[in-house]
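Sequences listed follow chains A and B, in order.
Those letters in the first sequence? Residues 2 to 143, by our numbering.
Those letters in the second sequence? Residues 61 to 481, by our numbering.
Built from N, CA and C at the ideal position, the CB exists for glycine as well.
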Amino acid sequence: MSGTASEHGKAAVRPCIMLVDDEECIRETISELLDSEGIDVIAAVGANDCLRFLRGGFRGVILMDVMMPGMDGWSVIREIEKAGFLQGNIISMLTAMDVPDERMEGLQEVVIDYITKPFDPPGFVTSVRKYLALLDQLKGAD
Amino acid sequence: MNVSRRIVALFFISAFLLGSGVSFFVQLIFHTPGRHLPQVIGLIFVLMFIAIAGKLLHYQQALNRAKQNLDEAQQLAGLGSWERDLATGKGYWSDNHYRLFNLPPRTVAPNMEEFFMMIHEEDRQQARETVMEAIRTNGSYEIKYRMDGDAGNRVFLSRGKVRHSDSGEPATLIGTIQDITHKHRRDQFREGLLKQKDLFISRLGHDLKTPLTPLVALLPLIRSRTEESRQQELLDLCINNVNHIKDLVAKTLQLARLTSSDDVASGCFDLQLSVSVDSSVSRLAEIFRNHGIAIEHSIPSDMTVRGNREELEELFTQLFSNAVKFSPPGSRVTVEAVCENAVVAVVVRDDGIGLLPEELPHIFDDFYKADHSRHLLGSSGLGLTICRRIVENHGGRISASSPGRDGGTAISFTLEAGGSV
Numbered sequence: 002m003s004g005t006a007s008e009h010g011k012a013a014v015r016p017c018i019m020l021v022d023d024e025e026c027i028r029e030t031i032s033e034l035l036d037s038e039g040i041d042v043i044a045a046v047g048a049n050d051c052l053r054f055l056r057g058g059f060r061g062v063i064l065m066d067v068m069m070p071g072m073d074g075w076s077v078i079r080e081i082e083k084a085g086f087l088q089g090n091i092i093s094m095l096t097a098m099d100v101p102d103e104r105m106e107g108l109q110e111v112v113i114d115y116i117t118k119p120f121d122p123p124g125f126v127t128s129v130r131k132y133l134a135l136l137d138q139l140k141g142a143d
Numbered sequence: 061m062n063v064s065r066r067i068v069a070l071f072f073i074s075a076f077l078l079g080s081g082v083s084f085f086v087q088l089i090f091h092t093p094g095r096h097l098p099q100v101i102g103l104i105f106v107l108m109f110i111a112i113a114g115k116l117l118h119y120q121q122a123l124n125r126a127k128q129n130l131d132e133a134q135q136l137a138g139l140g141s142w143e144r145d146l147a148t149g150k151g152y153w154s155d156n157h158y159r160l161f162n163l164p165p166r167t168v169a170p171n172m173e174e175f176f177m178m179i180h181e182e183d184r185q186q187a188r189e190t191v192m193e194a195i196r197t198n199g200s201y202e203i204k205y206r207m208d209g210d211a212g213n214r215v216f217l218s219r220g221k222v223r224h225s226d227s228g229e230p231a232t233l234i235g236t237i238q239d240i241t242h243k244h245r246r247d248q249f250r251e252g253l254l255k256q257k258d259l260f261i262s263r264l265g266h267d268l269k270t271p272l273t274p275l276v277a278l279l280p281l282i283r284s285r286t287e288e289s290r291q292q293e294l295l296d297l298c299i300n301n302v303n304h305i306k307d308l309v310a311k312t313l314q315l316a317r318l319t320s321s322d323d324v325a326s327g328c329f330d331l332q333l334s335v336s337v338d339s340s341v342s343r344l345a346e347i348f349r350n351h352g353i354a355i356e357h358s359i360p361s362d363m364t365v366r367g368n369r370e371e372l373e374e375l376f377t378q379l380f381s382n383a384v385k386f387s388p389p390g391s392r393v394t395v396e397a398v399c400e401n402a403v404v405a406v407v408v409r410d411d412g413i414g415l416l417p418e419e420l421p422h423i424f425d426d427f428y429k430a431d432h433s434r435h436l437l438g439s440s441g442l443g444l445t446i447c448r449r450i451v452e453n454h455g456g457r458i459s460a461s462s463p464g465r466d467g468g469t470a471i472s473f474t475l476e477a478g479g480s481v
């Protein structure tokens, strides 16, 4: 399931995350998996989509693919930072590598975790729920 | 006494003998006719002079031959030698040193400043600082540099060391110079290939894992939504095979990365061995529980090894996964370690299906599966290959032993002992 920030506003009772991934099969998979767990997914194809949703008011959990054509996940985060939309989000990287990317260093404040593909579904859902809980805690602290 | 000192000594002795002998001989012939003893003594002196002069000639020839051999050896090795008196600044370069620098041989080598000015300006400052630091600290150095205006843009490796005087002051700088252009270019080419390989592994990883993700994630979801039993069976078949491919892809890529990682030492630290074991145990706690297998270790907390944390945890995880896979429920896996002569020897032992003697030499080979039963157990045949690679990357050795079928297996490996943490 994919949608826009305004659609997100309509489905307020369900938690919602943003997924940034250029691969349609991954967007479909994660949307289907999380939808069955009661979580909505806003799917962004790349940096432009991601920034558009952030400008539209999205703040929350972002799953960011690392390896994307043109602008990789780390560059998208830098763009988000430049645009001033970093605050209020927590980001987890989606990567096909088994080890954390060295570029994660210095971004630990916002990039809190990484998930390796292919992930096992229960572990993946647990991680997303953990991020949502952490976001709630941070919002509560603010 | 070395050859040159012998030559000098013989020269003085022969000069004395020649002078004395000729003097005796001439004096006695002309002033004491009829007395033969002094004449004989004079003759002996002259004969001794001739013998010593012959020896001198022999030493001179040997010295020339040694010099020629050294020069030829230096030419074959692309090597030159040099020395510099730090008090006077005067230097000596071997003939091949001049050849390497495309210069005509000189009696006195260029002084230090002239030498630095011969170095390519991009390398000059670093070369100067390195040499001066070695002189200042009475130490040795190794630098690479290119020559200024060298058409071949050759790369030289210079090694030098300071010889100090009896009072400990730097006295002489001696060293070698070697043309390493071919090796340097080969190394650069190899580095380029390794980078390409890493890029290839990274792309391959992405391109294999991305299409696997929907299969791994969605097949169980579809299975949970299916009521019909035959379809469930077929989906289970698909899920098992997808998981097998997932494991195979992960291990193949992991092995490729381990094979391409040259510089393990840079990621190595002193680690508590028990922490690595405990971390792997907790990673597999659920699997141990589900299979009803106990794991025990009595590694003291102060036993340390020098290693890469992630790789050592992966090593234990692979060994424990294997032990669980091939052991009956209710059995146990034990880990023992002893430290002797700066080497830590670790043994992971299980009570599983064991190995036949003919299987033992092959179990660390790529894609080796000992028997048909292991094909049924979803083994990729790469787990122990990964273990071997990790241990070898750490400079250790790994081996397996088993009393035979159903006698259990012991995997032993060594690691460098670490310092205190």
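| Using 7 Å as the limit for Cβ to Cβ distance, is P122(A) near chain B? | The beta carbon of P122(A) falls within 7 Å of a beta carbon belonging to chain B, placing the residue at that interface.
| F54(A) versus I27(A): straight-line alpha-carbon distance, rounded | One Cα belongs to F54(A), the other to I27(A), and the distance between them is close to 19 Å.
| Closer than 8 Å, Cβ to any Cβ of chain B: which residues of the stretch 42-69 of chain A, in chain order? | Answer set for the stretch 42-69 of chain A: M68.
| request: Decide if C17(A) is buried, meaning its Cβ has at least 16 other Cβ atoms within 10 Å, or exposed. | output: If you draw a 10 Å sphere on the C-beta of C17(A), you find 16 or more other C-beta atoms in it, and that means buried.
| Three-state secondary structure (DSSP) at A402(B)? | Here A402(B) sits in coil by DSSP.
| Relative to the alpha-carbon of F71(B), which residue among H118(B), D296(B), G102(B) has its alpha-carbon at the smallest distance? | Selected option, being the one with the closest Cα: H118(B).
| Taking C-beta to C-beta, are V384(B) and H351(B) nearer than 7 Å? | For V384(B) and H351(B), yes; Cβs fall inside 7 Å.
| message | Quick test of the definition: if touching needs 3 or more C-beta pairs under 8 Å, does the stretch 251-269 of chain B touch the stretch 305-319 of chain B? | response | In short, these stretches touch, since the Cβ pair count reaches three.
| request: Using beta-carbon positions only, say whether P378(B) and C447(B) come within less than 7 Å of one another. | output: Checking the sequence, you will find Gln at residue 378(B) rather than Pro. C447(B) is positioned such that its CB atom lies closer than 7 Å to that of Q378(B).
| Per-residue DSSP class, three states only, for R343(B) | Reduced to three states, the DSSP call for R343(B) is helix.
| field | Residues within the stretch 443-462 of chain B neighbouring chain A, beta-carbon criterion of under 7 Å | value | Along the stretch 443-462 of chain B, none of the residues has a CB nearer than 7 Å to a CB of chain A.
| task | Would you kindly work out how many angstroms separate the C-alpha atoms of V341(B) and F380(B), rounded to a whole number? | result | Answer to the nearest angstrom: the Cα atoms are 8 Å apart.
| Nearest-angstrom beta carbon gap, D210(B) and E181(B) [assumed within contact, 8 Å] | Incorrect: roughly 12 Å between the Cβ atoms, too far for contact.
| query | Excluding the five sequence neighbours on either side, which residues of its own chain have a C-beta within less than 6 Å of the C-beta of E374(B), listed in chain order? | reply | There are no such residues.
| said: Check for me: the alpha helix (DSSP H) holding F176(B) runs from which residue to which? | reply: Taken as a continuous stretch (DSSP letters only), the alpha helix (DSSP H) holding F176(B) covers 172-178.
| field | Rounded distance between the beta-carbons of A231(B) and A147(B), thought under 8 Å | value | Contact flag correct, Cβ pair sits at about 7 Å.
| field | Closer than 7 Å to chain B by CB, I18(A) | value | It does not: the Cβ of I18(A) has no partner Cβ on chain B nearer than 7 Å.
| query | Over what stretch of residues does the alpha helix (DSSP H) that includes F144(A) continue unbroken? | reply | Outside the shown range of chain A, which is 2 to 143, sits residue 144(A), and nothing can be said about it.
| query | Is V46(A) closer than 7 Å to D23(A) when the C-beta atoms are compared? | reply | Going by C-beta atoms, D23(A) is nearer than 7 Å to V46(A).
| message | If we define contact as Cβ-Cβ less than 7 Å, is E25(A) a contact residue for chain B? | response | Taking 7 Å as the CB threshold, E25(A) stays off the interface with chain B.
| request: Taking C-beta pairs closer than 7 Å, name the residues in chain A that G478(B) reaches, listed in chain order. | output: For G478(B), none of the residues of chain A pass the 7 Å Cβ criterion, the least Cβ distance being about 22 Å.
| By how many angstroms is the C-alpha of S339(B) removed from the C-alpha of S480(B)? | S339(B) has its alpha-carbon roughly 19 Å from the corresponding atom of S480(B).
| field | C-beta atoms of M98(A) and I63(A) nearer than 7 Å | value | Contact annotation: M98(A) and I63(A) have beta-carbon atoms that are not nearer than 7 Å.
| said: Could you tell me the alpha carbon to alpha carbon distance between S225(B) and D330(B), rounded to whole angstroms? | reply: Distance between the alpha carbons of S225(B) and D330(B) is about 40 Å.
| message | Whether or not the stretch 461-472 of chain B and the stretch 411-420 of chain B are in contact is what I'm after, with contact meaning three or more pairs of Cβ atoms, one per stretch, closer than 8 Å; do they touch? | response | Touching, per the Cβ criterion.
| task | State yes or no: is the beta carbon of K306(B) nearer than 7 Å to at least one beta carbon in chain A? | result | Output row for K306(B): interface = yes.
| message | Any beta carbon of chain A sitting closer than 7 Å to that of A277(B)? | response | At a cut-off of 7 Å between C-beta atoms, A277(B) counts as an interface residue with respect to chain A.
| field | Limits of the alpha helix (DSSP H) - the one that Q256(B) falls within | value | That run of the alpha helix (DSSP H) goes 241-284.
| query | From which residue to which residue does the beta strand (DSSP E) around L20(A) run? | reply | Per DSSP, L20(A) belongs to the beta strand (DSSP E) from 17-21.
| message | Between the alpha carbons of G138(B) and R245(B), how many angstroms are there, rounded? | response | So the two alpha carbons sit approximately 16 Å from each other.
| query | Exposed or buried, which one is D137(A) when buried takes at least 16 other CB atoms within 10 Å? | reply | Looking at its Cβ environment, which holds fewer than 16 other Cβ atoms inside 10 Å, D137(A) is exposed.
| task | Determine contact between the stretch 157-167 of chain B and the stretch 249-262 of chain B, defined as no fewer than three beta-carbon pairs at a distance below 8 Å. | result | No, the stretch 157-167 of chain B does not touch the stretch 249-262 of chain B.
| field | Own chain partners of R144(B) with C-beta closer than 6 Å, once the 5 adjacent residues on each side are dropped | value | Closer than 6 Å at Cβ, skipping near neighbours: G151, L233.
| query | Who are the Cβ neighbours of L133(A) in its own chain at under 7 Å, not counting the five residues just before and after it? | reply | Close CB contacts of L133(A) within its chain, under the 7 Å cut and outside five residues either way in sequence, are with P16, V62 (chain order).
| task | Closer than 7 Å by beta-carbon distance: list the chain A residues that pair up with P280(B), in chain order. | result | Result: P122.
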